[in-house]
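Residue numbers for the sequence shown follow this note's numbering, so the first one is 86 and each next one is one higher.
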Amino acid sequence: MSPRRDVMKALADARPARLDPDLDSRPDPYAITAHPQPTGTPAARRPARRLVLAGVLPTMALAAAGAVFLTIGAGGTGPAGTSGAGGRTADATASAPRTARDVLLVAAERSGAGPTSGGRYWFSDQEHGTVREVGPTNRRYQIVQRQGMRVWDGISPSARSVAFVRDLGAVPFTAADRAAWQADGAPTQWVEPAPKDIPDAEPIIIRGTPGPETIRWDAARPMPPDATGGNVPYFLAGGPISRAELAAVPTEPAALKAWLLNRLKASEVQKASNDALCWSAQDLVVDLPVSPQVRAAAYRMLADLPGVTSLGEATDQRGRAGVAVGFARKGDGGHWGQTRLIIDPRTGQALASESWDLGAGRAPKATGALQSYTLVVSAGFTNDSPPAPQK
86 MSPRRDVMKA LADARPARLD PDLDSRPDPY AITAHPQPTG TPAARRPARR
136 LVLAGVLPTM ALAAAGAVFL TIGAGGTGPA GTSGAGGRTA DATASAPRTA
186 RDVLLVAAER SGAGPTSGGR YWFSDQEHGT VREVGPTNRR YQIVQRQGMR
236 VWDGISPSAR SVAFVRDLGA VPFTAADRAA WQADGAPTQW VEPAPKDIPD
286 AEPIIIRGTP GPETIRWDAA RPMPPDATGG NVPYFLAGGP ISRAELAAVP
336 TEPAALKAWL LNRLKASEVQ KASNDALCWS AQDLVVDLPV SPQVRAAAYR
386 MLADLPGVTS LGEATDQRGR AGVAVGFARK GDGGHWGQTR LIIDPRTGQA
436 LASESWDLGA GRAPKATGAL QSYTLVVSAG FTNDSPPAPQ K
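Following this line, the structure appears as structure tokens:
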């Protein structure tokens, strides 16, 4: 298995099968890092995750560092040592737009004005979390299994790609879960049975202490396990895509929609649908090294898609405040899955994406259960070389 696939498999293995409400359809494979994942033989379509619109961000020029780089929220540190933007004040969302269309159009306007030049690397720093149920049979509680990934994706021919992957350690999800965890003896490791529908699967070991950072050279853009295309480093709209093709992505929303639909119609992984358009737009906003103008077009396309709703003010799992939009769909298994994109209304940057289970029934419930999330700590183009791994 190639290093690219190793990184993706590490993230995919962290996803419990029970979190997938749509077991009979096929997923966008690259959604694997932020959505509940299939475990059966046929590849399953992700429940409406990644809108993960999890958030690749427009970029800012850092002339002194020779980079175009953006750091989001409190506590983040980029390649040039740029600290995070800091926490938001309580009234920062007071003038935030209130409809999903307004949220997305404002995000497009504010995120689309960045510079278009790049650097030797595309850098991203993300945290992926999955909510798991553990503990004694009669006293179950929830923990969040967390994994960090810092990626230097080589853009220039002389820049070698590298990924730093680290198990951040699982922690109790809520205060009630913490009390139940303490009543369980405050364990630092849990062993879950191997998935029954995966041949030769091994038990899942979840650790509560952070592990060392693993270096994976030439693995910055791992391909999904079932994707084809050799070393094509990216995935979008149902198939692999090269850097040259990414550079030609349309910057007008109508043209972008038509371009994505053409790719989806040719895909064996996804169907051409509003769901797939949402997931594709989210990948442009979240993951891919495209210009701010392309991300703005993705936001504007989302603003005109049916089913995208405003969820009002929201706080991500790092405590950063923003406004959220969501997209819900009913899986073939009868459960409603919702993907949420949390956006900073001041800058138009995506802070996080979350995947929620809104229950079964004729309509989704107003509230539900968080399944997984992706936090975007920082992202952007940089000329700075990768540092030594963290211990």
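Built from N, CA and C at the ideal position, the CB exists for glycine as well.
Judged by their CB atoms, R186 and A409 are not nearer to each other than the 8 Å cut-off.
Of the residues S470, A454, I428, the one whose Cα lies closest to the Cα of T184 is I428. Taking a 10 Å sphere around the C-beta of T452, we find fewer than 16 other C-beta atoms and assign the residue as exposed.
The straight-line gap separating the alpha-carbon atoms of F412 and P430 is approximately 18 Å. Taking L396 as the centre and dropping the five residues before and after it, the same chain places the C-beta of A409, G411 closer than 6 Å to its C-beta, in chain order. With contacts defined as CB atoms closer than 8 Å, T273 and G296 fail to qualify as a contacting pair. Under the 10 Å beta carbon count, R217 is surrounded by 16 or more other beta carbons and is classified as buried. Taking the C-beta atoms as reference points, L373 is found nearer than 8 Å to L321. Around the CB of P284, fewer than 16 other CB atoms lie within 10 Å, so the residue is classed as exposed. A255 and I291 do touch by the CB rule: their CB atoms are close to 5 Å apart, below 8 Å. Ranked by how close their Cα comes to the Cα of F258, the residues A279, A333, A383, I228 have I228 in first place. Counting the other Cβ atoms within 10 Å of the Cβ of S358 gives fewer than 16, which makes it exposed. In the displayed model, Q267 falls within a helix according to three-state DSSP.
For W421, the closest alpha carbon among the candidates G404, S438, P449 is that of P449. Around the Cβ of R225, a 10 Å sphere holds fewer than 16 other Cβ atoms; the residue is exposed. N468 and R328 have their alpha carbons spaced roughly 17 Å apart. Here K281 is exposed, its C-beta having fewer than 16 other C-beta atoms within 10 Å. By DSSP's assignment, A248 forms a beta bridge with V236, R301. In chain order, L341, W344 place their CB closer than 6 Å to the CB of P335, counting only its own chain and leaving out the 5 sequence neighbours on each side. About 6 Å separates the beta carbons of A437 and V461, which is inside the 8 Å limit, making them a contact pair. Here the C-alpha atom of G233 lies approximately 25 Å from the C-alpha atom of A261. The beta carbon of G220 is closer than 6 Å to those of Y226, D269 in its chain, skipping five residues each way along the sequence. Around the beta carbon of D417, fewer than 16 other beta carbons sit within 10 angstroms, so the residue counts as exposed. In the displayed model, L321 falls within a strand according to three-state DSSP. Three or more Cβ pairs drawn from the stretch 374-384 and the stretch 188-197 lie within less than 8 Å of each other, which places the two stretches in contact. Distance between A406 and C363, taken at the CA atoms: about 23 Å.
According to the DSSP assignment, V371 belongs to the alpha helix (DSSP H) that extends over 359-371. Beta-bridge partners of A399 (DSSP): G407. Relative to P338, the option among L369, E330, K356, S352 whose CA is nearest is L369.
In this structure, P471 and W237 form a Cβ contact; the two beta carbons are roughly 4 Å apart against a cut-off of 8 Å.
By the CB criterion at 8 Å, G197 and R414 fall outside the cutoff.
Boundaries of the alpha helix (DSSP H) around V188: 185-196. Your pair W302 and R348 does not check out as a contact, with CB atoms roughly 30 Å apart and the cut at 8 Å.
For the set V247, V354, R231, the Cα lying nearest the Cα of R205 is the one of V247. Listed as beta-bridge partners of T273 by DSSP are no residues whatsoever.
Ranked by how close their Cα comes to the Cα of D442, the residues T215, V276, A464, W275 have T215 in first place.
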